[in-house]
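Peer 1: Residue numbers for the sequence shown follow the numbering used here, beginning at 890 and rising by one. For every residue, glycine included, the Cβ atom is placed at its ideal position computed from N, Cα and C. My questions all concern the structure below.
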Amino acid sequence: MLKVYIVAHGGRKDELINTLHDLKLVQIIDLKERLERPSWAEILREEEAVTAAEVDRQIADIRYTLDFVSKFETTTQNLIESFFSPKVLVDEEDYKDVLRTFNFGLIERCRKLDGELTQLKNQEAHFSSLYEELLPWESLEIPLEDLETPYTATLLGTIPPQDSELLHEIAHDYPCTYITTVSETDKEKFIAVVHLRSESEEILKRMKAVGVSPITFEGLKGSTIDQLEHLLNAIQETREKRIEVEEECTELLKERLPLMIMHDHLTDIKSRKEVRRNFLRTDRTFIIEGWVPRRREADLRKGLSHLKELEILTEEPEEDEEIPVELRNPGKLMKPFELVTRIYGLPHYREIDPTLALAPFFIVFFGLCLSDVFYGFLLIFLSFFISKKIKMGPDGDLLFKLLIIAGAVTVVCGFLLGGWFGNLTEYAPAQLAFLDSVRQKLTIINPIENPLGMLSIVLLMGLVHVWFGISLKMYMNIRDGYYSDAVFDQGFWLVLIPFGTLLVLNTMFEVDIPAGTAVRYVVMVCLAGIVLTGGRYQKGGNIITSTIKKLFVGVLRIYDIFGYLGDVLSYSRVLALGLATGAIAIVFNNLLSMIVNAMPYVGIIIAAVLFPLLHIFNLVINALGAFIHPGRLQYVEFFTKFLEGGGEDFKPFQFDSKYVKVRDKSKGG
890 MLKVYIVAHG GRKDELINTL HDLKLVQIID LKERLERPSW AEILREEEAV TAAEVDRQIA
950 DIRYTLDFVS KFETTTQNLI ESFFSPKVLV DEEDYKDVLR TFNFGLIERC RKLDGELTQL
1010 KNQEAHFSSL YEELLPWESL EIPLEDLETP YTATLLGTIP PQDSELLHEI AHDYPCTYIT
1070 TVSETDKEKF IAVVHLRSES EEILKRMKAV GVSPITFEGL KGSTIDQLEH LLNAIQETRE
1130 KRIEVEEECT ELLKERLPLM IMHDHLTDIK SRKEVRRNFL RTDRTFIIEG WVPRRREADL
1190 RKGLSHLKEL EILTEEPEED EEIPVELRNP GKLMKPFELV TRIYGLPHYR EIDPTLALAP
1250 FFIVFFGLCL SDVFYGFLLI FLSFFISKKI KMGPDGDLLF KLLIIAGAVT VVCGFLLGGW
1310 FGNLTEYAPA QLAFLDSVRQ KLTIINPIEN PLGMLSIVLL MGLVHVWFGI SLKMYMNIRD
1370 GYYSDAVFDQ GFWLVLIPFG TLLVLNTMFE VDIPAGTAVR YVVMVCLAGI VLTGGRYQKG
1430 GNIITSTIKK LFVGVLRIYD IFGYLGDVLS YSRVLALGLA TGAIAIVFNN LLSMIVNAMP
1490 YVGIIIAAVL FPLLHIFNLV INALGAFIHP GRLQYVEFFT KFLEGGGEDF KPFQFDSKYV
1550 KVRDKSKGG
């Protein structure tokens, strides 16, 4: 990355902003903090405040309208689409046409429909609630307006069935009171209490005391049967109106794409307005600071060459600056592996891009975890099919391209490890019996028959992986001029790990190695070097305490051996996953074989149905593990040897959309 300064006449501001926006080359930095430096503050001041209140209001209106219309979408995204949230691809001409013809009256129309819909839903809920309240009183013979007369009153209420016996005492105490049960359920009785109006207060008090909950129907007239019929009609009428409004809202779904386009367009306008806040100015000029990829400096100068009264200056970034990171790897084959890197996080600008280094290890470990020829072919086919049939964003495209590559490597590993739908060739008919012979001839090592041999291979690969990670850190130290760190912190370990492994094989497993004595001396020299230099940066009060401190820390560094040992042993998970894939496939084959043998003819049909389902299930669950666990080996065992991470992604000033992606015909889509 290069630091770029663009100084231009104030009258060129809009033109420059639009040009930089179209070039997509510069990440613009906020310059206001530079005013803290007196040398800058003497000649520069903040750009005048730019208000985007009107645009913000329009964006809020569009977002509200889009959310409202989206409620009526009946088609749901599949799992993959919902995970990646792909953008809608729009031709440039269609995009511009929407901007020319967009009807902002749609917003007010949606507000009106939303209000109507809310009102109708509330009415329907009110009528339904009232209907449910009246339904237990369906057999009440007294008209609702006659519940109170000049001389009598009727109290309606509910009481728990177990307390209803208490009502007899009230009826006994008030001879002019008549109590009847209108209806009842398991939980409550609905009662009507006809009494003298002059005794209303006393009876109400007594009723509440025995557990009666009074119910009133204010404003209702006529019999409950008439009211229930009226409410049913009202509910039906309201529901029909609501459905009509919802259908009208559903018709507005055709406006969803124009709303998406307008939302992204207005957001882009806001971005162009607000970017001015990052500028500084004098009376007649203004200055922009930003980052541009080193390889694109010439493109930037060429893209701005048509602008007059403008100067472009570039300089190397300072050591302590937070520099954005742009991942770049050779060839299209490496691009999908950047997804694995991004899951971990971007490297710091001063660190190397680990994508090229992780790619061969990740993909081989993936293949070893599945290790089945036909699973590899299935993975290729399914990934290709899904990528063509389902809309996905850039990350989704990269994922399925990566899975296609992983499928190809799985095929190779399957040939070498003898996995052909597990042991399916053993069940092949006589005409295809040669396939089992071919499988066995191509098999280099069968993990199920020789798990210890396969364990040795994956542990050796893990040892190489860890060793390679340390060597990358050594390269970075040499590149940055930290030669002593390269020798003492990585060099000794790079020698100790292979020679120490040979020594362990010789002493513990009695494996003959050439020059065994020389190997011992090399190991001893490396251990001594680690002890003597591991604490070299420790400081103490005097030379004696400082020396003791350094030696103590150096001795502690020896314990890193156990850390590396644990890292290498972690690679045994590759064997475990490979065994799981093969063993489950074999179990499925044995199960289907027993079904065929137990039920002639019918068993063949059952097996033909179950075979693809079972093996696709095995493929899916183990492909997930084959992605996660090799990824973990990269992040925990490999990256930690040379990578700290924490880099910020390079985000050039450009059209940054949420919903749509504009296809430029001039660039072939």
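From what residue to what residue does the alpha helix (DSSP H) around S1072 run?
Peer 2: Careful: S1072 lies outside any alpha helix (DSSP H), inside the beta strand (DSSP E) at Y1067 to E1073.
Peer 1: Which residue comes first and which comes last in the beta strand (DSSP E) that contains T1047?
Peer 2: Its beta strand (DSSP E) spans residues T1041 to I1048.
Peer 1: Could you give the distance in angstroms between the alpha-carbon of L1009 and the alpha-carbon of L955?
Peer 2: If I take the Cα positions, the gap works out to 21 Å.
Peer 1: Where does N992 fall in DSSP's three states?
Peer 2: Note: N992 maps to coil in three-state DSSP.
Peer 1: In chain order, what residues of the same chain lie with their CB nearer than 6 Å to the CB of W1026, ignoring the 5 residues before and after it?
Peer 2: Around W1026: V1071 and T1113.
Peer 1: Below 8 Å on the Cβ atoms is my contact criterion, and I expect I1484 with I1473 to pass it. Report the Cβ-Cβ distance as a whole number of Å.
Peer 2: Not a contact, Cβ separation roughly 17 Å.
Peer 1: Are the Cβ atoms of D1261 and G1308 separated by less than 7 Å?
Peer 2: Going by C-beta atoms, D1261 is nearer than 7 Å to G1308.
Peer 1: What number of angstroms, rounded off, separates the C-alpha of R1425 from the C-alpha of L1361?
Peer 2: Between R1425 and L1361, the C-alpha separation is close to 22 Å.
Peer 1: Would you decide whether Y1448 is buried or exposed? Buried here means 16 or more other CB atoms lie within 10 Å of its CB.
Peer 2: Y1448 should be labelled exposed.
Peer 1: Among K1110, V893, Q916 and A897, which one has its Cα closest to the Cα of F1544?
Peer 2: Per the Cα distances, Q916.
Peer 1: Using DSSP bridges, identify the partner residues of N1395.
Peer 2: The partner list for N1395 (beta bridge, DSSP) is empty, contrary to what the question assumes.
Peer 1: Taking L1120 and L1044 to be in contact with their CB atoms under 8 Å, please state how far apart those CB atoms are, rounded to whole angstroms.
Peer 2: Between L1044 and L1120 the Cβ distance is about 23 Å, and since that is not below 8 Å, they are no contact.
Peer 1: Find out if the Cβ-Cβ distance for the pair K1290, P1225 is shorter than 7 Å.
Peer 2: Taking 7 Å as the Cβ cut-off, K1290 and P1225 qualify as a contacting pair.
Peer 1: Please give the ranges of any beta strand (DSSP E) in the region 1395-1477, keeping only runs that are unbroken, at least 3 residues long and fully inside the region.
Peer 2: Listed in chain order, there is nothing to give.
Peer 1: Quick one, are the C-beta atoms of V1420 and V1457 less than 7 Å apart?
Peer 2: For V1420 and V1457, no; Cβs fall outside 7 Å.
Peer 1: Take the Cβ of D1075 as the centre, count every other Cβ of all protein chains shown within 10 Å, and call the residue buried at 16 or more, exposed below.
Peer 2: Exposed.
Peer 1: To the nearest angstrom, report how far apart D1115 and F1106 are at their CA atoms.
Peer 2: For D1115 and F1106, the distance between alpha carbons rounds to 14 Å.
Peer 1: Can you give the beta carbon distance from C1258 to P1519, rounded, assuming they're within the 8 Å contact cut?
Peer 2: Yes, they are in contact, since the Cβ atoms of C1258 and P1519 sit about 7 Å apart, within 8 Å.
Peer 1: Could you spell out the range, first to last residue, of the beta strand (DSSP E) harbouring I1337?
Peer 2: Unbroken run through I1337: none, as it is neither H nor E.
Peer 1: Consult DSSP for H1084 and reduce its assignment to one of helix, strand or coil.
Peer 2: Three-state DSSP puts H1084 in a strand.
Peer 1: Can you tell me where the beta strand (DSSP E) with P1103 in it begins and where it stops?
Peer 2: From DSSP, the beta strand (DSSP E) with P1103 extends over S1102 to I1104.
Peer 1: Under 7 Å, do K976 and V1549 count as touching if we go by C-beta distance?
Peer 2: It is a contact, given that the beta carbons lie within the stated cut-off.
Peer 1: Taking only runs of the alpha helix (DSSP H) that begin and end inside the region 1231-1299, which ones reach a length of at least 4 residues, in chain order?
Peer 2: You should have 1244-1259 and 1262-1278.
Peer 1: D1538 and E981 look like a contact to me (Cβ under 8 Å); what is the Cβ gap, rounded to whole Å?
Peer 2: Actually they are not in contact, since the Cβ atoms of D1538 and E981 sit about 26 Å apart, beyond 8 Å.
Peer 1: On a Cα-Cα basis, can you pick out the residue from I948, L1292 and R1173 that is closest to L1513?
Peer 2: Considering only alpha carbons, the answer is L1292.
Peer 1: Going by alpha carbons, who is nearest to S1087 out of T1038, P1050 and Q1329?
Peer 2: Cα-wise, what sits closest to S1087 is T1038.
Peer 1: Just mark G1558 as buried or exposed, buried being the case when its beta carbon has 16 or more other beta carbons within 10 Å.
Peer 2: Its pLDDT being 44, under 50, G1558 is placed unreliably by the model, and nothing is read from it.
Peer 1: What distance in whole Å lies between the Cβ atoms of I1252 and V1298, which are believed to be in contact at a cut-off of 8 Å?
Peer 2: At roughly 5 Å, the Cβ-Cβ gap stays under 8 Å, so V1298 and I1252 are in contact.
Peer 1: Does the beta-carbon distance from I1201 to I895 come in below 7 Å?
Peer 2: Yes, these two residues count as a Cβ contact at 7 Å.
Peer 1: I think L909 touches F1168, with their Cβ atoms under 8 Å apart; what is that distance to the nearest whole Å?
Peer 2: Going by Cβ atoms, the distance from L909 to F1168 rounds to 11 Å, so no, they are not a contact pair.
Peer 1: Return the residue from the list L1305, L1324 and E904 that minimises the CA-CA distance to T1314.
Peer 2: Cα-wise, what sits closest to T1314 is L1324.
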